[in-house]
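Just so we're aligned: 494 in my numbering is position 154 of the sequence shown, and the numbers increase by one with no gaps anywhere. For every residue, glycine included, the Cβ atom is placed at its ideal position computed from N, Cα and C. Reading through the structure tokens given below for one structure.
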Amino acid sequence: LHVFRQLRKQFGDCLLVLVPRHPERFESVATLCRQRGYITVLRSEGVACTGEVNVYVGDTMGDLLLLYAAADVAFVGGSLVPHGGHNLLEPAALGLPVVTGPHVFNFVEICGLLIDAGAAVKVTDTDELLQTVTRWLTDANERHRIGQLGRQVVEKNRGALQAVMAIIDRYL
């Protein structure tokens, strides 16, 4: 929320979309945002996301790709703290530039592929997160270029599971 506050100072009307991984956190995340002074709505409330809304909490199942599709940049959470991070492939597949923290032990290989391709950036703290997101929000061409690199990584690796299973089947 600290980074979001700084982004709002620089860019004005920004919308932060938060999608907690665990349903039991939906309400507490919304409450925290409201306590910090943000106009916050939950997707399940069915309230229109007008220009007055600051934070939109995705609290319905199966809507993550839809929410990513409406974004300009994706910070994939659970990674600035040692929680292991979340899957970076979903935003990359949609052509979003992806930023993640250092704790990605749940998705090491995927993260490595995206970083090596220049489609994702790993930051170590909120200052680097702010710098990276600011750069991408300021430069639409760069944001688009990085997003396309992510899409290429996903396309190149599409079908990898089927290829592995075909190899295994030969030995069974």
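DSSP, read as helix, strand or coil, puts L453 in helix. The DSSP-derived three-state label of V494 is helix.
When the Cα atoms are used, T440 and A460 turn out to be separated by approximately 7 Å. For Y408, the enclosing alpha helix (DSSP H) starts and ends at L404 to A409. Secondary structure of L489 (DSSP, three-state): helix.
DSSP, reduced to helix, strand and coil, places T380 within a strand of the structure shown. Collapsing the DSSP output to three states places T440 in a strand.
The segment 383 to 399 and the segment 457 to 471 do not touch, with fewer than three beta-carbon pairs separated by less than 8 Å.
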